[in-house]
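Asks: Protein sequences appear in the order of chains Y and A.
Each residue of the first sequence is one higher than the one before, counting from 608 in the working numbering.
Each residue of the second sequence is one higher than the one before, counting from 11 in the working numbering.
Here a beta-carbon is modelled for each residue, glycine too, at the ideal position from N, C-alpha and C.
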Amino acid sequence: MSAKLENLRGRAWVFGDNIDTDLLAPGHAMRKPLAELAQHCLEAIDPQFARSVHQGDFIVAGTGFGIGSSREQAAQALAHLGVGAVLAVAPARIFYRNAINLGLPVVRFPHADSVRPGDDLVVDLVHGCVYNLTRNTEHDCEPVPEFLRDVLQAGGLIPHLRTRLRRQ
Amino acid sequence: MSAHTLAEKILMRASGAASVRAGEIVVAKVDLAMMHDSGGPRRVAPYLQQLEAKVWDPEKVVLVSDHYVPAVDPQSAAILSLTRRWAHENGITRFHDMQGICHVVLQEYAHLRPGMLVVGGDSHSPSGGAVGAFMVGIGATEMAGVLATGEIWLRVPETVRVSWTGQLAAGVCAKDMMLALCRDLGQNNDYKAIEYCGSAVTALPMAERFVLCNMSAELGAKTGMIAPDEKTLAEIRANGGDIADSALQWRSDENAAIERVVEFDAGRLAPQVAAPHSPGNSLAVDQVGRVRIDQAYIGACTGAKLTDLQMAAQVLRGKKVAPHVRLLVAPASLRTTQLAAADGTLATLTAAGAILLPTGCGACAGYGAGVLAEGEVCISSTARNFKGRMGHATSQVYLGSPFTVAASAVTGHVTDPRALLH
Chain Y
608 MSAKLENLRG RAWVFGDNID TDLLAPGHAM RKPLAELAQH CLEAIDPQFA
658 RSVHQGDFIV AGTGFGIGSS REQAAQALAH LGVGAVLAVA PARIFYRNAI
708 NLGLPVVRFP HADSVRPGDD LVVDLVHGCV YNLTRNTEHD CEPVPEFLRD
758 VLQAGGLIPH LRTRLRRQ
Chain A
11 MSAHTLAEKI LMRASGAASV RAGEIVVAKV DLAMMHDSGG PRRVAPYLQQ
61 LEAKVWDPEK VVLVSDHYVP AVDPQSAAIL SLTRRWAHEN GITRFHDMQG
111 ICHVVLQEYA HLRPGMLVVG GDSHSPSGGA VGAFMVGIGA TEMAGVLATG
161 EIWLRVPETV RVSWTGQLAA GVCAKDMMLA LCRDLGQNND YKAIEYCGSA
211 VTALPMAERF VLCNMSAELG AKTGMIAPDE KTLAEIRANG GDIADSALQW
261 RSDENAAIER VVEFDAGRLA PQVAAPHSPG NSLAVDQVGR VRIDQAYIGA
311 CTGAKLTDLQ MAAQVLRGKK VAPHVRLLVA PASLRTTQLA AADGTLATLT
361 AAGAILLPTG CGACAGYGAG VLAEGEVCIS STARNFKGRM GHATSQVYLG
411 SPFTVAASAV TGHVTDPRAL LH
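1) Can you list the residues of chain A that residue 633/Y reaches, using a CB-CB cut of under 9 Å?
2) Taking buried to mean at least 16 other C-beta atoms within 10 Å of its own C-beta, is residue 58/A buried or exposed?
3) Roughly how many angstroms separate the alpha carbons of residue 329/A and residue 32/A, rounded to a whole number?
4) Is the Cβ of residue 86/A closer than 9 Å to any Cβ of chain Y?
5) Please decide whether residue 677/Y counts as near chain C, where near means a Cβ-Cβ distance under 9 Å.
6) Along chain Y, which residues have their Cβ under 8 Å away from the Cβ of residue 466/A?
7) Taking residue 610/Y as the query, report the chain A residues whose CB atoms sit under 8 Å from its CB, ordered along the chain.
8) Give the straight-line distance between the Cα atoms of residue 240/A and residue 177/A, rounded to the nearest whole angstrom.
9) Go ahead and pull the three-state DSSP assignment for residue 662/Y.
10) Strictly under 9 Å for the Cβ-Cβ distance: is residue 614/Y near chain A by that measure?
11) Does any CB atom of chain A fall closer than 9 Å to the CB of residue 777/Y?
12) Nearest chain A C-beta to residue 643/Y closer than 9 Å, yes or no?
13) Could you give the uninterrupted runs of the alpha helix (DSSP H) lying entirely in the region 101-155 of chain A, keeping only those of 4 residues or more?
14) Using the Cα positions of residue 348/A and residue 402/A, report the straight-line distance between them to the nearest angstrom.
15) Under the three-state reduction of DSSP, which class applies to residue 731/Y: helix, strand or coil?
16) For residue 308/A, which residues from the same chain have a beta carbon less than 6 Å from its beta carbon, with the 5 sequence-adjacent residues on both sides left out?
17) Using a Cβ-Cβ cut-off of less than 8 Å, give me the residues of the region 384-396 of chain A that come near chain Y, in sequence order.
18) Secondary structure at residue 241/A, three-state DSSP: helix, strand or coil?
19) Would you mind telling me which residues of chain A sit closer than 9 Å to residue 772/Y, beta carbon to beta carbon, in chain order?
20) Using the DSSP secondary-structure output, state which residues sit across from residue 177/A in a beta bridge.
21) Looking at C-alpha atoms only, which residue of 362/A, 424/A, 396/A, 17/A is the closest neighbour of residue 203/A?
22) Is it a yes or a no for the region 744-760 of chain Y touching the region 710-717 of chain Y, going by three-plus beta-carbon pairs under 8 Å?
23) From the DSSP output, which residues share a beta bridge with residue 202/A?
Shown next as structure tokens:
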């Protein structure tokens with residue numbers, strides 16, 4: 608499924624700094640199938656998250672979001688639960704690549720502290736805007752770099768590469 | 011001729027560009043790809059099928075089973091079986107099945123050389139920088155892309171130089187240096203290459219240099235590196251690797267663009283302990299206060315190599331583990347176990363009451379034996395103490411050097427090892 612980059616709308620789930628991969632994809636659930644693993648996503652800090660998050664909701668977080676392990680189930684669990692995009696002050700490097708590769712948009716959002724849990728957001732990842740309908744505010748976020756837009760619009764690295772390899 | 015950093019030089023060679031600068035994106039050819047049983051075949055095989063692609067060069071792949079070893083249930087047994095089958099079907103000859111933790115095995119078998127561009131399907135991949143390679147961690151989808159094409163896009167990182175002057179005191183080691191850095195540099199050094207240098211770094215044995223690069227992951231860095239010297243080449247040769255003296259050319263040029271230089275005095279460094287739930291939550295051991303422990307754990311790539319076991323043995327010689335504490339030791343590799351058995355280190359540890367666990371990643375990431383119950387407190391020589399990583403979400407993990415873990419096992423609470431060293 609290709610990621611939508613403009614006019615995304617959803618509620619905000621707000622988290623702080625250094626939300627690590629072990630919170631997103633706990634070690635004890637790592638041998639389980641994705642659907643089961645995803646039910647444990649963030650359970651140690653918000654037991655309601657996995658069952659309450661809706662399709663298209665956003666994660667809004669501070670620095671070091673996704674810090675730690677290279678396990679891409681951290682990003683995959685969020686995508687499986689329907690998260691539309693991650694807006695973080697500073698996403699961790701491997702998490703960032705993993706998420707894009709799986710078709711889940713992640714952008715830098717320096718104004719994360721302007722958002723409160725449950726705020727109704729409209730996000731444009733091409734032009735880099737976050738409209739907060741609840742608070743009637745508008746803030747910049749980093750747009751998705753052009754060369755990664757292709758990957759996201761293809762639905763991730765594998766479908767993107769499939770097209771490229773077939774062309775060769 | 012313009013000057014370049016070590017990271018830039020390696021990415022220039024691997025991308026074929028005449029010159030690169032920090033911030034640019036390059037598409038580079040990968041010299042070696044390393045995977046393990048958790049993020050490896052079980053995850054990449056379906057992707058390769060979707061791509062109808064084969065491994066671009068089986069000679070350039072190293073596969074290590076270290077996470078689910080030995081199997082404890084049918085699920086982990088199936089993962090290990092799938093890993094073996096995939097290695098065979100894809101002609102992967104450099105397959106290390108239960109011989110140790112991937113990052114340690116890579117160096118023990120001399121798979122790395124200065125100047126190589128290496129990707130690893132594990133976040134502690136910066137470990138490879140200890141020999142002057144540029145090694146970065148990637149996820150499984152990205153690994154499938156590398157296996158299909160032999161290439162990866164990378165942003166050329168800025169280099170931050172961390173210089174440790176002076177010499178470490180007795181009872182203080184590389185783990186203490188990194189726990190201090192996780193606090194002082196913070197954990198959001200995203201996309202940076204950290205280059206370690208200075209007299210205290212030069213003096214470190216290769217296994218300790220490894221710890222600096224390994225825990226660069228905890229700094230949030232893209233990678234950590236140490237320019238090769240005679241010690242580097244001697245280690246590669248001792249491990250059976252063929253390497254010319256010309257490999258010493260892999261170092262930053264004199265006037266290379268270093269983003270910033272940070273200096274620390276190794277002589278003033280005390281043993282460090284990171285309190286729950288972050289490696290950056292560290293302080294000098296004497297500032298921790300009285301913390302009673304249930305478990306002491308010596309394990310993982312960063313904390314259970316031969317040098318680590320020897321540090322613990324130095325503290326434990328002639329002493330006993332406190333009655334209410336369990337001391338668990340999971341050697342980082344088969345070779346570590348063999349050498350520690352031969353030189354008497356294992357005998358010293360077990361005489362003190364240590365329980366030997368299988369070689370592998372073990373409880374570090376909560377996969378193997380030695381996980382914690384509700385509310386339990388552990389001091390560990392591993393690299394991460396994230397909430398719930400090593401067991402129950404309410405368990406508490408303190409990080410310390412093997413010296414500090416061993417000393418704490420003896421007294422039953424978090425303890426400054428310098429008081430117990432002979």
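Replies: Short version:
1) In chain order, 376, 398, 399, 403 make up the part of chain A whose C-beta sits under 9 Å from the C-beta of residue 633/Y.
2) Burial is judged here by how many other beta carbons sit within 10 angstroms of a residue's own beta carbon; residue 58/A has at least 16 and is buried.
3) Residue 329/A and residue 32/A have their C-alpha atoms some 52 Å from each other.
4) With 9 Å as the cut-off, residue 86/A counts as an interface residue toward chain Y.
5) Any reference to chain C falls outside this structure, whose protein chains are Y and A.
6) Here chain A has residues from 11 to 432 only, and residue 466/A is not among them.
7) Against residue 610/Y, chain A offers no close residue; the least beta-carbon distance is about 14 Å (beta-carbon pairs closer than 8 Å).
8) Their Cα atoms are separated by approximately 19 Å.
9) The answer is coil: DSSP assigns residue 662/Y none of H, G, I, E or B.
10) Closer than 9 Å to the CB of residue 614/Y there is not a single CB belonging to chain A.
11) Given that chain Y is displayed from residue 608 to residue 775, the structure contains no residue 777/Y and the question cannot be resolved.
12) Not one chain A Cβ lies under 9 Å of residue 643/Y.
13) With a minimum length of 4 residues, the continuous alpha helix (DSSP H) runs that stay inside the region 101-155 of chain A are 112-118.
14) Between the alpha carbons of residue 348/A and residue 402/A lies a gap of roughly 33 Å.
15) Strand, per DSSP.
16) When the five nearest sequence neighbours on each side are left out, the beta carbons in the same chain lying within less than 6 Å of the beta carbon of residue 308/A are those of 314, 322, 339, 391, 412, 415, in order along the chain.
17) Among the residues of the region 384-396 of chain A, those with a Cβ less than 8 Å away from any Cβ of chain Y are 394, 396, in the order of the chain.
18) Looking at residue 241/A - three-state DSSP - the assignment turns out to be helix.
19) Near residue 772/Y (Cβ distances below 9 Å), the residues of chain A are 61, 62, 63, 158, 159.
20) Answer by DSSP bridge pairing: none, since residue 177/A is not bridged.
21) Of the candidates 362/A, 424/A, 396/A, 17/A, the one whose C-alpha sits nearest the C-alpha of residue 203/A is 17/A.
22) They touch, by the three-pair rule.
23) BP columns for residue 202/A point to 168/A.
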